[in-house]
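**Q**
Structure follows, in structure tokens:
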């Protein structure tokens, strides 16, 4: 029995030594802040993709869950680079930004314009700022959230493609 105990202590010690080293070099992926929605709109138009606006607040545990469990892994995977422009609008602490009309406004004002004061809210918009996919309010089931998000992104891309082909 003492061999098993010694082995367990060695394994625990190795884990305790290695864990801080593993996390010391890990830097969390930051969700890009919305700074210039007019420029993002031009980029979205160029690439035919929706803009995914993630409305958050600083002291919002569900916002942190959404970012760490869904949005940051999306960015890390690289699979969404050609499917969406992802931007965070931190309602209460974010910097002023340029809206779709080119005006400098507060993030609260943008959230109010999109009726996204309840956080987290994810809104899918086209190049001009018009909503093109079903918005997601709150987060309750991380496993299903990505499915709903993918559906809204696909709907948004289809709406943008349709508008482009109709010459709007």
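Residue numbers (the working numbering): 2 to 169. Each residue gets a CB set at the ideal place from its N, CA and C atoms; glycine is no exception.
Provide the residue span of the alpha helix (DSSP H) that contains residue 76, from first to last.
**A** Taking the first residue of the chain shown as 1, we reach residue 76 at position 75. It spans 73-78 - the alpha helix (DSSP H) in which residue 76 sits, taken as one unbroken run.
**Q** Roughly how many angstroms lie between the CA atoms of residue 89 and residue 132, to the nearest whole one?
**A** Here the question's residue 89 lines up with position 88 in the chain shown. Here the question's residue 132 lines up with position 131 in the chain shown. About 16 Å.
**Q** Going by Cα to Cα distance, which pick from 157, 129, 144 is closest to residue 37?
**A** On the chain shown, residue 37 is found 36 positions in, with the first residue counted as 1. Residue 37 has its Cα closest to that of 129, out of 157, 129, 144.
**Q** Go ahead and label residue 157 buried or exposed: buried means 16 or more other beta carbons lie within 10 angstroms of its beta carbon, across all protein chains shown.
**A** Here the question's residue 157 lines up with position 156 in the chain shown. Buried.
**Q** Could you check what DSSP says for residue 59 in three-state terms: helix, strand or coil?
**A** Taking the chain shown and counting its residues from 1, the one referred to as residue 59 is at position 58. Coil.
**Q** Could you please give me the residues that DSSP links to residue 37 through a beta bridge?
**A** Translated into the one-based positions of the chain shown, residue 37 becomes position 36. Bridge partners of residue 37: 99.
**Q** Just the Cα atoms here: how many angstroms apart are residue 27 and residue 77?
**A** As a first step, residue 27 is located in the chain shown; it is residue number 26 there, counting from the start. As a first step, residue 77 is located in the chain shown; it is residue number 76 there, counting from the start. Note that residue 27 scores a pLDDT of 46, beneath 50, so its modelled location is shaky; the value from the coordinates is reported in the next line. So the two alpha carbons sit approximately 12 Å from each other.
**Q** Secondary structure at residue 161, three-state DSSP: helix, strand or coil?
**A** Here residue 161 refers to the residue found at position 160 of the chain shown. Note: residue 161 maps to helix in three-state DSSP.
**Q** Can the beta-carbon of residue 140 be found closer than 7 Å to that of residue 54?
**A** Reading the chain shown from its first residue, position 139 is the one you call residue 140. Reading the chain shown from its first residue, position 53 is the one you call residue 54. No; because the gap between Cβ atoms is not below 7 Å, this pair is not in contact.
**Q** So, is residue 182 buried or exposed, given that buried needs 16 or more other C-beta atoms within 10 angstroms?
**A** A question about residue 182 goes unanswered here, because the residues of the chain that appear run from 2 up to 169.
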